[in-house]
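Report on the structure given below.
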Amino acid sequence: MYKIKIILLLVALFIVINASLFIGKYPISLHQYWLLFQNIFSATPVDFDQYETIRNIIKEIRLPRIVLALLIGASLAVAGSAFQAIFVNPLVSPGVLGVLSGASFGAALGILLGVSWFWINIFTFTFGFIAVSIALVISLIYAKRSDSMIMLVLGGIISSSLFGALLSIVKYTADPDDKLPAITYWLMGSLSYGDFSMIGWVATPMILGILGIISLSKYLNALSMGDEEAKALGVNIVAIKLSIIFLATLISALSVVMAGIIGWVGLIIPHITRMIFGAENTKVVFASALIGALFLLSVDSMARVLFSFEVPIGILTALIGIPIFIIALHNANRSIR
Amino acid sequence: MILEAKNISFSYGKKEVLKGVDFYLKDGDILSLLGKNGCGKTTLLKILLGICKSSGEIKLYGKDLKSYSRKDIAKLIAYIPQVHKIPFDYTVFDVVLMGRLPHIGLFSKYSQEDRDIALSSLKRVGMESFTQKIYSKISGGERQLVFIARAIAQDAKIIFMDEPINGLDYGNQIKFLKLLKDFQKEGYTFLKTTHYPDHALYASNRITMIKDGSIFKDGLLEELNEKSIERLYGVDVEIIQKNGYKFCIPTF
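Chains as they are written, first to last, in the working numbering: chain A, 25 to 361; chain B, 335 to 586.
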């Protein structure tokens, strides 16, 4: 049953990817699309000069955007699934330790200082990690005295608030005609920044991060039973948790680097995945990568078709995510209500 | 002697919970740990399991407990915690399969053999029909059986249980205690905390009583008598015997 569901998901992904390549502002006929395919896969190329525009649109505009949506959707969903298990709390999202706040501040600071895109990306990534480190340090101070995971969540709240405040300072000082709108729009999230040179940089660490969490996912069931039980089951909880937090922070920070803040994916996709696949985390983590990728790509493709202008993806994931989440909560385990 | 602890001391902040406790467990024991609420029973259990750091010396099968990895301890001792809630809908099978975790490598997956072991462990406790049921929705007694199955799947011959009887209905309490005796015959050793002298009298061969952070009585079942119960709990009881079993009844 599990395998059938995974195959169905892969089929759905295949269909959505193709539809997303095919559909857009610039009309492409099925025939042209087919020729393009032949051109890519056959040794004898068809006459292609007349399709130069189509080729460019698909290869330079639509394809990078699709790759970006798949990578970010999978990353946020996997990070969310892993965090919900290790925090033993289905209401936790990838931003719980402050990575999104820290990364937002880093990006805004970079835009304010007027540094190059390369340095903005470095700022974004670095401050994402700094924020999580602050949360970890705060939790370590009190680790001996109380439940370490609750202290970690509190550390994350403190760190998020700190960087939220710092972000406000940056926005307040930013030039309202020029830099403030740039910061604001950037924070709303967009998949339109993607190009292959950028994706080339981040795709490898992101894929490795996702695979890393998937390979550690067998420990998540035990970890979600609580620290003591996990230890008694032979799990080195500090090493495993830190590895998962590191990998989740890596992929979440990179998602912010590439597309700004895209909310809700990391919270709702794990719930939807558990509704379809059950709660067992090796299945949840792997399948949530597929469902997250499918979700974000579908939302972005719909947005491209439905609106004549670029709608920030962060707004759409929230607007679509909230009703889905309400339905998911209705079906969820009573213990979280 | 499979487990031996000497001079165990432990404090929560400034509060001294255990003061120089000596403890041992012999192969095939069903040992009941008795004491008032908050006397350190659960703490001692966790210390002996190595998940709580303390001063003193602990030897597991003659070797220092500190020289074992977490995984190696998990292959020898299984832990059944007090009943607790989890917010995820794992199936009974998922929970039992966790017992195989110490037996697989860092990057390997559960094998078909692991799954077969989990299933046969469920059969051993008569819970095979529960395989696909949701763990958080079954009764307390059923959960205890699932945990026993997990301990069997873990392939650990020593099983620690923290108040396993709590929350079980009367029938399940008796069935559970009987099950312990059956497993004792198959070579399992149990260490359990309990609040009920009756259960200790029925199902264990040894008792250890903790009072004010120290061992107050340690020995065979005979040590569990009117006098020791009176001193441990501050209530008067009478022990009566019928059909070879002892019962503890309060004298108001």
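Ideal placement from N, C-alpha and C gives every residue a C-beta, glycine not left out.
Fair warning: this is a prediction, and the values are worked out from it, not measured in the lab.
DSSP puts residue i in a beta bridge; with which residues?
| i | result |
| --- | --- |
| ALA339/B | PHE357/B, ILE392/B |
| GLN575/B | LYS580/B |
| LEU525/B | LEU365/B, PHE494/B |
| MET543/B | LEU368/B, LYS551/B |
| LEU87/A | According to DSSP, which records beta bridges pairwise, LEU87/A is partnered with nothing at all. |
| ILE362/A | Shown here, chain A extends from 25 to 361; a query on residue 362/A therefore has no answer. |
| GLU350/B | SER345/B |
Can you tell me which of the options puts its alpha carbon nearest to the alpha carbon of residue i?
| i | options | result |
| --- | --- | --- |
| ILE154/A | LEU60/A, ALA246/A, ASN113/A, GLY130/A | GLY130/A |
| ALA342/A | LEU291/A, GLU304/A, ILE296/A | LEU291/A |
| ILE336/B | VAL355/B, LEU359/B, GLY553/B | LEU359/B |
| VAL112/A | ALA303/A, PHE310/A, VAL323/A | ALA303/A |
| VAL123/A | LEU278/A, VAL335/A, ILE351/A | LEU278/A |
| LEU215/A | LEU190/A, ASP201/A, GLY97/A | GLY97/A |
| ILE574/B | GLY547/B, PRO531/B, ARG540/B, LYS551/B | PRO531/B |
| LYS265/A | ILE275/A, ILE162/A, PHE46/A, SER248/A | SER248/A |
| LYS467/B | GLU520/B, LYS370/B, LYS509/B, TYR424/B | TYR424/B |
| ILE269/A | ILE110/A, ARG79/A, LEU33/A | ILE110/A |
| SER128/A | VAL116/A, PRO118/A, GLY152/A, SER105/A | GLY152/A |
| LEU378/B | ASN371/B, VAL355/B, LYS400/B | VAL355/B |
| GLN446/B | VAL459/B, ILE381/B, LEU431/B | LEU431/B |
| PRO498/B | GLU476/B, VAL351/B, LYS519/B | GLU476/B |
| LEU244/A | MET230/A, VAL262/A, ILE231/A, ALA206/A | VAL262/A |
| GLY362/B | ASN539/B, ASP546/B, LYS576/B, LEU554/B | ASN539/B |
Apart from the five residues on each side of it in sequence, which residues of its chain come closer than 7 Å, Cβ to Cβ, to residue i?
| i | result |
| --- | --- |
| LEU37/A | LEU314, ALA317, LEU318 |
| ARG298/A | VAL308 |
| GLY338/A | MET212, GLY213, GLY284, ILE285, ILE286, GLY287 |
| ARG328/A | GLY48 |
| TYR522/B | LYS491, ILE493 |
| PRO88/A | GLY218, ASP219, PHE220, ILE223 |
| ARG434/B | TYR444, ASP448, ILE451, ALA452, ALA487 |
| LEU514/B | ILE364, PHE524, ALA537 |
Anything in chain A within Cβ reach of residue i, meaning under 7 Å, just list it in chain order.
| i | result |
| --- | --- |
| ALA408/B | ALA256, LEU257, GLY258 |
| ILE385/B | GLU252, LYS255, ALA256 |
For residue i and residue j, what's the separation of their Cα atoms in angstroms?
| i | j | result |
| --- | --- | --- |
| LYS561/B | LYS340/B | 26 Å |
| SER454/B | LEU479/B | 13 Å |
| THR542/B | LYS375/B | 10 Å |
| MET282/A | PHE107/A | 21 Å |
| LYS512/B | ALA537/B | 7 Å |
| TRP141/A | VAL156/A | 23 Å |
| ASN42/A | LEU94/A | 13 Å |
| ALA408/B | ILE486/B | 12 Å |
| TRP143/A | GLY134/A | 7 Å |
| ILE420/B | VAL102/A | 20 Å |
| TYR395/B | LEU410/B | 10 Å |
| GLY236/A | LEU271/A | 7 Å |
| SER366/B | HIS437/B | 29 Å |
| LEU566/B | GLY369/B | 7 Å |
| GLY258/A | SER389/B | 22 Å |
| SER117/A | VAL177/A | 11 Å |
| GLY578/B | GLY474/B | 30 Å |
| SER163/A | TYR50/A | 52 Å |
| ARG484/B | ILE193/A | 54 Å |
| ASP406/B | ASP398/B | 12 Å |
| PHE331/A | ARG86/A | 16 Å |
Output, in chain order, the set of chain A residues within a Cβ distance shorter than 9 Å of residue i.
| i | result |
| --- | --- |
| TYR413/B | GLU252, GLU253, LYS255, ALA256, LEU257 |
| TYR444/B | LYS242, THR306 |
Please list, in chain order, all residues of the same chain as residue i whose beta carbon is under 6 Å from its beta carbon, the five residues on each side excluded.
| i | result |
| --- | --- |
| LYS348/B | none |
| THR585/B | ASP570, GLU572 |
| LYS242/A | THR306 |
| ILE350/A | none |
| LYS393/B | GLU338 |
| PHE550/B | MET543 |
| LYS580/B | LEU535, ILE573 |
| LEU10/A | Lying before the first or after the last residue shown, residue 10/A is absent from chain A, which here runs from 25 to 361. |
Name the chain B residues that come within less than 7 Å of residue i, Cβ to Cβ?
| i | result |
| --- | --- |
| ASN245/A | TYR424, ASP428, MET432 |
| MET249/A | ILE420 |
| GLY104/A | The contacting residues do not exist; GLY104/A stays about 14 Å from chain B at best. |
Note down, in chain order, every chain B residue with its Cβ under 9 Å from the Cβ of residue i.
| i | result |
| --- | --- |
| VAL112/A | ILE420, PRO421, PHE422 |
Can you name the residues of chain B whose CB is closer than 8 Å to the CB of residue i?
| i | result |
| --- | --- |
| MET175/A | Near MET175/A there are no residues of chain B at all, since even the closest Cβ is about 16 Å away, more than 8 Å. |
Whose C-beta lies closer than 8 Å to the C-beta of residue i among residues of the same chain, with five residues either side of it excluded?
| i | result |
| --- | --- |
| ILE472/B | VAL426, PHE464, VAL480 |
| THR197/A | LEU136 |
| VAL40/A | LEU318, LEU321, SER322, SER325 |
| GLU462/B | LEU453, LEU456 |
So which residues on chain A does residue i lean against when the C-beta distance must stay under 8 Å?
| i | result |
| --- | --- |
| PHE313/B | Only positions 335 to 586 of chain B appear in the structure, and residue 313/B is not among them; the question remains open. |
| LYS393/B | The premise fails here: LYS393/B is roughly 19 Å from chain A at the closest Cβ pair, so nothing lies under 8 Å. |
Under 9 Å (Cβ pairs) to chain D, residues found in the stretch 226-241 of chain A: Protein chains in the displayed structure are A and B, and chain D is not among them.
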